[in-house]
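Peer 1: Here it is, the structure, as structure tokens.
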Amino acid sequence: MERPQYVEVGKVMKPFGNQGQVLLGIHDTFADLIPETGYVYLYVDGSYLPFFITSWEGDSDVLVKLEEVDNPESASRLSGKTLYLNQDEIPDELMDSPETWGDLVGFTAYNEEVLLGPICEILDYPAQKLLKIVYDKKEVLVPLVEDFIVSIDTKARKIVLKIHQELINL
49 MERPQYVEVG
59 KVMKPFGNQG
69 QVLLGIHDTF
79 ADLIPETGYV
89 YLYVDGSYLP
99 FFITSWEGDS
109 DVLVKLEEVD
119 NPESASRLSG
129 KTLYLNQDEI
139 PDELMDSPET
149 WGDLVGFTAY
159 NEEVLLGPIC
169 EILDYPAQKL
179 LKIVYDKKEV
189 LVPLVEDFIV
199 SIDTKARKIV
209 LKIHQELINL
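As structure tokens, then:
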């Protein structure tokens, strides 16, 4: 069975109070979805573990109480950890959001119908993000901009681009 894919949706910012509450920073795209699911995943000791939310206060910076996190010490151990949801729990229209583009590493890139190769890294520059693709035994950098994206198939882990061949041959 294939391991489920997880999408970053926010971060545990810091502990709060004496009851084990934590402040979460949630990406705006997912702010409405997390209360609906009632839990988030955290990567702990090599596994994605669900943490059920028992109380929720706020919008994108949220004060929550997580089940089984009952004291400041437990809460502080979660500080700085990334929050995830399983991609199967995220509607397709949200999966196409730029906030999920960091999860394209490992996807196979195509220039229309021509296979380019695997995406090995996403470089985050101030002007834009760049896809680093292994093409014809060399690394090629392609701007990750909406104008170049034809489609993203998260289930097939495939991205179809429409870019000029000259850009690939640089």
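Numbering (the working numbering), first residue to last: 49 to 218. C-beta atoms are modelled at their ideal positions from N, C-alpha and C, and glycine is treated no differently.
(1) Buried or exposed for residue 185, please, with buried defined as at least 16 other CB atoms from any protein chain shown within 10 angstroms of its CB.
(2) Tell me the rounded alpha-carbon separation between residue 98 and residue 215.
(3) Could you spell out where the alpha helix (DSSP H) holding residue 215 opens and where it closes?
(4) Short of 6 Å in beta carbon distance, which residues of its chain neighbour residue 204, apart from the five on each side in sequence? Order them along the chain.
(5) In or out: residue 66 buried (at least 16 other Cβ within 10 Å) or exposed?
(6) By Cβ distance, which residues of its chain are closer than 8 Å to residue 129, with the 5 residues on each side in sequence left out?
(7) For the alpha helix (DSSP H) holding residue 138, just list the boundary residues, first then last.
(8) On the CB-based measure, 16 or more other CB atoms within 10 Å of its CB, does residue 62 come out buried or exposed?
(9) Determine the contact status of residue 1 and residue 197, defining contact as a CB-CB distance below 8 Å.
(10) Is residue 133 helix, strand or coil when you go by DSSP?
Peer 2: Looking at the coordinates:
(1) In the sequence shown, counting from the first residue as 1, residue 185 sits at position 137. Label assigned to residue 185: exposed.
(2) Translated into positions along the sequence shown, residue 98 becomes position 50. Translated into positions along the sequence shown, residue 215 becomes position 167. Spanning the two alpha carbons is a distance of roughly 43 Å.
(3) Residue mapping note: residue 215 aligns to position 167 of the sequence shown, counting from 1. Where residue 215 is concerned, the enclosing alpha helix (DSSP H) stretches over 213-216.
(4) Walking along the sequence shown from the start, residue 204 turns up at place 156. There are no such residues.
(5) Within the sequence shown, residue 66 is the residue found at index 18, counting from 1. Classification of residue 66: exposed, given that the 10 Å Cβ count is below 16.
(6) Reading the sequence shown from its first residue, position 81 is the one you call residue 129. 59, 60, 90, 91, 92, listed in sequence order.
(7) As a position in the sequence shown, residue 138 is number 90, starting the count at 1. Premise fails: residue 138 is in no alpha helix (DSSP H) and is neither H nor E.
(8) Translated into positions along the sequence shown, residue 62 becomes position 14. It counts as exposed.
(9) Residue 1 falls outside the range modelled here, since the chain spans only 49 to 218, and no answer is possible.
(10) For the purposes of this step, residue 133 is taken as the residue at position 85 of the sequence shown. If DSSP states are grouped into helix, strand and coil, residue 133 belongs with the strands.
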